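Visitor: Just so you know, the protein sequences line up as chains A and B, in that order. Residues 197 to 562 in this note's numbering are what the first sequence lists, from first letter to last. Residues 3 to 91 in this note's numbering are what the second sequence lists, from first letter to last. Glycine is no exception: its CB is placed at the ideal position from the N, C-alpha and C atoms. Note that this is a predicted model, so its numbers are computed, not measured.
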Amino acid sequence: MRKTLETELLVIGGGAAGLCAAAEAAGAGVKTTVIESDLHPGGQLVKQTHKFFGSKDEYAGTRGYKISDILLDEIKGLGDKVEIKTNTTVTAYYPEEGIYTAMKGEDEYYRIKAKKTIVATGAQERLIPFPNNDLPGVYGAGAVQTLMNVYGVVPGKKVVMVGAGNIGLIVSYQLTQAGVEVAAVVEAMPRVGGYWVHAAKIRRLGIPILLQHTITEALGDQTITGAVIQPLNDKFERVGEPQKIDCDVICMAVGLTPTTELFWQAGCKMLFVPQLCGHVPFRDNTMRTSNPDIWVAGDASGIEEASAAMVEGRIAGFSAAKALGKNMEQTKFDEYWKRLEHLRAGEVGEKIRGGICQVLSAGWEA
Amino acid sequence: MSEKVNIICRCEEIQIEEIRHWINKGYTNLEELKRILRITMGPCQGRGCRDIILREISMATGKPISELNTGVIRPPVKPIKFSLLAEDN
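(1) According to DSSP, simplified to helix, strand and coil, what is A:Y335?
(2) Quick check on this structure: which residue in A:L415, A:H236 and A:M299 has the alpha carbon closest to the alpha carbon of A:P438?
(3) With the cut-off set at 8 Å, would you say A:E350 and A:A319 are in Cβ contact?
(4) Check each candidate in A:F249, A:Q554 and A:D303 and name the one with the smallest Cα separation from A:W392.
(5) Taking 8 Å as the threshold, find out whether the region 220-239 of chain A comes into contact with the region 506-516 of chain A through three or more Cβ pairs.
(6) Which same chain residues, not among the five before or five after A:P404, have their C-beta less than 6 Å away from its C-beta?
(7) In the DSSP assignment, what are the bridge partners of A:D442?
(8) Looking at the unbroken beta strand (DSSP E) that takes in A:Y565, where does it start and where does it end?
(9) Among residues of its own chain, excluding the 5 on either side of A:C553, which ones have a beta-carbon nearer than 6 Å to its beta-carbon?
(10) Kindly indicate the opening and closing residues of the beta strand (DSSP E) around A:E183.
(11) Of all the CB atoms in chain A, is at least one closer than 8 Å to the CB of B:G28?
(12) Would you give the residue range spanned by the beta strand (DSSP E) that A:V382 belongs to?
(13) Would a C-beta distance cut-off of 8 Å place A:A337 and A:C447 closer than the cut-off?
(14) What are the start and end residues of the beta strand (DSSP E) that includes A:F468?
(15) I'd like to know whether the C-beta atoms of B:P78 and B:P45 end up nearer to each other than 8 Å.
(16) Taking Cβ positions only, does B:G50 come closer than 8 Å to chain A?
(17) So what's A:M564 in DSSP terms, helix, strand or just coil?
(18) Indicate whether the contact test is met: 3 or more Cβ pairs, each with one atom in the region 491-510 of chain A and one in the region 17-31 of chain B, closer than 8 Å.
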C-alpha cells in the first residue's frame, strides 16, 4: 500500500496566506502540514524587495522577504506543530475517499489524509496573445522577479514592460535597480493601475509610461530584438501608428488569475468574477468553501494584495482550528475582519468589495 | 525572419488562428475544442491557455465567461511519471 501521511490540518501553499493560516491554526494547537511546491516557503513574499503598504498589523513598512522571515520565525516557535514540506506539489484531491495525492520533486509520490484543509494555492500569471510570443525573451513579471530577486540573475539588457499595475511598476523599478534598462511601460488602460508612488518612482527615473498602448508583436528570429507597440482608442481598438522599440526582453505584467484546480476537483461551488480575476470558490465569512472540510485563503480566493492574503490566512486558520474543536477567542476573529475591512476600505478597495460580495455566502447548511 | 506564430496553447503548440477557425465553425464549447485540438491537455493542464480561449469564445459568441463551460478539471494538476504511479501498488 502506498504511504499515507496523516495530519489534522493540511495547508496547501506556503506563501503569505498559507503561512499565516498554518501559524494561526498551529498556534491554537492543531497539528499542521504545509505543502509548498517551491524549493523554499514564502511564496511571492520572498521576491518582494520593496517595503509594503497597507497597515501596520500586516507589516507595512517592512520589505516582503523580511515578512516571510517573520512568519517563518513564528512557525518555528511552534515547534513540531507545523511541518513544512517543500518541493512538493499536491497533485489531486479525490473526494470519494477524501484523499489528496502529493509528489515531491519527480520521484516521490504519496497520499495525504487530513481532517481539514486550507487551500492557499495563490495565482498564476496571465499572458496575452501576440505574434512571436514564443520567442525566448518573453517573460512573465513573476519569472523576472524570481530570476533577479531570488537567484540574482538579470533577464537581459533592455526591457519593454507590458502592464502598469503594481507588479509592472514595481518590477520596472527593480529592473533598473539591477542595472537593466526599461525602455517603456506599456498600458492598455487610459490610467495607471498601480499605486501612484510606484508610478512616480519610475517616472522620476525617466521611464515613459505609455497609456492606451498595447504590444502587437515581438520582433526577432532566434531571440527577441524588439517589440512593436501601438496606440489604442477608448474601445481598445488599435488606431495609431505602430512603433518599434529595441529590446531583448518583453516582460508581461498583465495580471494574475487564481489557481483553483483543487476546488474544482473537490466539487466546490465556483463562480467567474471579473473583479477577482477568474473563477473562485464561494466562501462564508470564515473562508469556508461549500465543501465543509475545505477553506480558502489568499489569491486563490481572488486576486488581492499580500496584506489581505495574510489576514485571510489568519481567518481561515482560526476557523479551521475552531472546526477541529479548539477553543478559540471570538474577539480575535472579529479583530481580523476589522483589519480586512480596513485594508479594503475606500476607493482602492471598491473593486475587490464588488467582487467578494458576489461569492460571499451567508453561511452553509450544516 | 521565420514565420510569425501566435501560440496560445504552448504545450500542444496551438495557434490563435487555429482556435478562432474552429470557434467560427461552431465549436464554441471548450470541451469540443479540447477534443479537436488537445488544448488544456498538455503538461500545464490548461493553466496557460484556458483563460485566453474562454475569452476568445466569449468574444465570438457574446456570452459572458461566467456562462461558458470551463471544461472538467481532473487530476492530476501536473504530470506524474507512470513509474511513480505503478510502484508499491
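Guide: In short:
(1) It is a strand residue.
(2) A:L415
(3) Looking at the sequence itself, residue 350 of chain A is Val, so the reference to Glu does not match. No, the Cβ-Cβ distance between A:V350 and A:A319 is not below 8 Å.
(4) A:F249
(5) Taking one beta carbon from each stretch, the region 220-239 of chain A and the region 506-516 of chain A have 3 or more pairs nearer than 8 Å; the two touch.
(6) These residues qualify, in order along the chain: A380.
(7) A:G422
(8) The structure shown does not extend to residue 565 of chain A, since chain A is modelled only from 197 to 562, so the question has no answer here.
(9) none
(10) Residue 183 of chain A is absent from the model: chain A starts at 197 and stops at 562.
(11) B:G28 does not count as touching chain A.
(12) E377 to E383
(13) yes
(14) M466 to V469
(15) no
(16) yes
(17) Nothing in the structure corresponds to residue 564 of chain A, since chain A is present only between 197 and 562.
(18) no
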